[in-house]
Amino acid sequence: MEPVTEGIGNNGRMSMAINGGGLRLMAVHAHPDDESSKGAATMARYVHEGADVLVVTCTGGEAGTVLNPALDRPDVHERLVELRRAEMGEARRILGVQQVWLGFLDSGLPEGDPLPPLLEGCFALTPLTDAARPLVRLMREFQPQVVVTYDENGGYPHPDHIMNHKITIEAFEAAGDPGRYREVGQDIGVAPWQPLKLYYHQTFHKERMLALHDAMQASGRESPYAAMLEKWVDRSDDSGRITTRVPCGDFFETRDRALLAHATQVDPNGPWFRVPLEIQRKAWPTEDYQLARSLIEVGMLPEDDLFNGIR
1 MEPVTEGIGN
11 NGRMSMAING
21 GGLRLMAVHA
31 HPDDESSKGA
41 ATMARYVHEG
51 ADVLVVTCTG
61 GEAGTVLNPA
71 LDRPDVHERL
81 VELRRAEMGE
91 ARRILGVQQV
101 WLGFLDSGLP
111 EGDPLPPLLE
121 GCFALTPLTD
131 AARPLVRLMR
141 EFQPQVVVTY
151 DENGGYPHPD
161 HIMNHKITIE
171 AFEAAGDPGR
181 YREVGQDIGV
191 APWQPLKLYY
201 HQTFHKERML
211 ALHDAMQASG
221 RESPYAAMLE
231 KWVDRSDDSG
241 RITTRVPCGD
251 FFETRDRALL
261 AHATQVDPNG
271 PWFRVPLEIQ
281 RKAWPTEDYQ
291 LARSLIEVGM
301 LPEDDLFNGI
311 R
């Protein structure tokens with residue numbers, strides 16, 4: 001499978017980093033819109049600072065639905081794949097990132113009891129080596145020092161998010177090994193490349209939600225997090241995960257514009273946008289991560305920069 005590259009390089013081609021300097025960040029996501037709801041302000045900040053940022057989108061979101069009531073129409077459903085691709089293009093432009101489609105088929109989110117089987121040929125059912133191969137090649141070509149993905153639970157248990165985690169781990173561990181995936185390495189003249197740091201998004205955690213909830217109530221506003229916090233179940237596995245808080249409040253507006261670009265997937269009147277930016281910047285001005293792998297010394301944690309130890 002050949003990845004399809006889009007972005008802001010010369011002639012619309014991705015700016016490969018072979019033998020080049022500078023900071024490079026790769027963010028691996030399952031569907032179009034995931035990049036704008038997880039880590040978007042971080043990416044916009046690093047682009048602003050001059051880093052090269054590449055978003056890898058594993059699927060086209062083909063099994064998704066229309067989540068914006070204003071667009072929930074038959075003509076939109078009929079063109080959903082085309083529209084989601086165009087939305088990704090606009091979000092990419094807003095964030096200033098480059099982007100690659102891996103081209104796998106969206107697995108959908110099974111619902112019911114018992115759960116129905118996944119779609120034949122979908123991303124989540126693809127053998128691991130087949131699914132990871134194009135990502136290994138991209139890591140070797142783009143040469144990121146930092147890679148960001150989801151944790152072992154996928155952030156939430158969508159089959160594509162969990163598979164996204166698996167292939168990123170596989171590629172991170174294999175890309176620097178000349179003996180692995182030779183068909184997208186030495187056999188075609190692509191040198192090995194070992195990223196130095198691997199992070200998991202820690203976006204929707206209780207500490208952040210509680211801070212925003214309290215700030216909204218203190219301002220006399222209704223909190224969009226009240227019902228979620230009432231139902232929240234604390235799990236021991238979730239504690240102590242955050243190692244890195246990236247200050248990026250100045251780029252929250254860019255994040256929101258990128259998310260709104262995914263018009264079929266986001267209700268502009270929904271809870272995403274009910275907390276004013278000034279409250280967000282004061283109550284929780286960071287995006288948060290777990291440092292899952294590091295091949296370099298990073299010093300004391302928590303850190304405030306994904307490129308800590310690299311700059």
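At position 200 of the sequence shown the residue is numbered 200 (the UniProt record's numbering), and the sequence of numbers has no breaks. Glycine included, each C-beta is placed from N, C-alpha and C at the ideal position.
Item to check | Nonlocal neighbours in the same chain, by C-beta distance under 7 Å from H213, ignoring five residues either side | outcome: S223, Y225, A226 and L229
Next on the checklist: Output needed for G96: all residues of its chain with C-beta closer than 6 Å, excluding positions within five of it in sequence on either side, in chain order.
Outcome noted: V47
Checklist entry - Touch check for the region 91-110 and the region 41-61: three-plus C-beta pairs under 8 Å? => result yes
Next on the checklist: If you reduce the DSSP assignment to three classes, tell me which class R3 lands in.
Outcome noted: Contrary to the premise, residue 3 reads as Pro rather than Arg in this sequence. DSSP places P3 in coil when its eight states are reduced to three.
Next on the checklist: Helix, strand or coil, according to DSSP, for H31 in the structure here?
Outcome noted: coil
Next on the checklist: What does the alpha-carbon distance come out to for the pair T136 and R221?
Outcome noted: This sequence places Val at residue 136; Thr is not what is there. So the alpha carbons of these two residues sit roughly 47 Å apart.
Checklist entry - For D151, which three-state DSSP category applies? => result coil
Next on the checklist: Would R274 and Q145 qualify as a contact pair, given that the criterion is a beta-carbon distance under 9 Å?
Outcome noted: no
Checklist entry - So, do the region 158-171 and the region 248-266 have three or more beta carbon pairs nearer to each other than 8 Å? => result no
Next on the checklist: Could you tell me the alpha carbon to alpha carbon distance between D72 and P134, rounded to whole angstroms?
Outcome noted: 34 Å
Checklist entry - Can we say the region 284-303 touches the region 194-204, given the rule of at least three CB pairs closer than 8 Å? => result yes
Checklist entry - Should I167 go down as buried or exposed, given a rule of 16 or more other Cβ atoms within 10 Å for buried? => result buried
Item to check | Distance, D288 Cα to G309 Cα | outcome: 18 Å
Checklist entry - In this structure, does DSSP put A263 in helix, strand or coil? => result coil
Checklist entry - Cα-Cα, which of E183, A211, K38 and Y181 is closest to R281? => result A211
Checklist entry - Applying the criterion that 16 or more other CB atoms from any shown protein chain within 10 Å of the CB defines a buried residue, is Q217 buried or exposed? => result exposed
Next on the checklist: Between which two residues does the alpha helix (DSSP H) holding P247 run?
Outcome noted: From DSSP, P247 is part of no alpha helix (DSSP H) but of the beta strand (DSSP E) over T244 to P247.
Item to check | Bridge partner(s) assigned by DSSP for F104 | outcome: T59
Item to check | For M88, three-class secondary structure by DSSP | outcome: helix
Next on the checklist: Quick check on E222: does DSSP put it in helix, strand or coil?
Outcome noted: coil
Next on the checklist: Between which two residues does the beta strand (DSSP E) holding D288 run?
Outcome noted: T286 to S294
Item to check | Counterpart residues of residue 315 in DSSP-defined beta bridges | outcome: Here the chain covers residues 1 to 311 and nothing more, so residue 315 does not appear.
Checklist entry - Which residues in the same chain as P178 place their Cβ atom closer than 6 Å to its Cβ, once the five residues preceding and following it in sequence are excluded? => result Q186 and P192
Checklist entry - Which same chain residues, not among the five before or five after V266, have their C-beta less than 8 Å away from its C-beta? => result D33, L67, N68, L259, L260 and W272
Next on the checklist: Closest to D238 by C-alpha separation, out of A41, L306, Y156 and H262, would be which residue?
Outcome noted: Y156
Checklist entry - Thinking C-beta only, is C248 closer than 9 Å to T65? => result no
Item to check | Cα-Cα separation between L128 and P302, rounded to whole angstroms | outcome: 33 Å
Checklist entry - Out of P285, E111 and A263, which has the shortest C-alpha to C-alpha gap to H77? => result A263
Item to check | Buried versus exposed, by CB contacts within 10 Å (16 or more), P74 | outcome: exposed
Checklist entry - How is M139 classed by DSSP in three states: helix, strand or coil? => result helix
Checklist entry - To the nearest whole angstrom, what separates the beta carbons of V55 and E35, a pair I think is in contact under 8 Å? => result 5 Å
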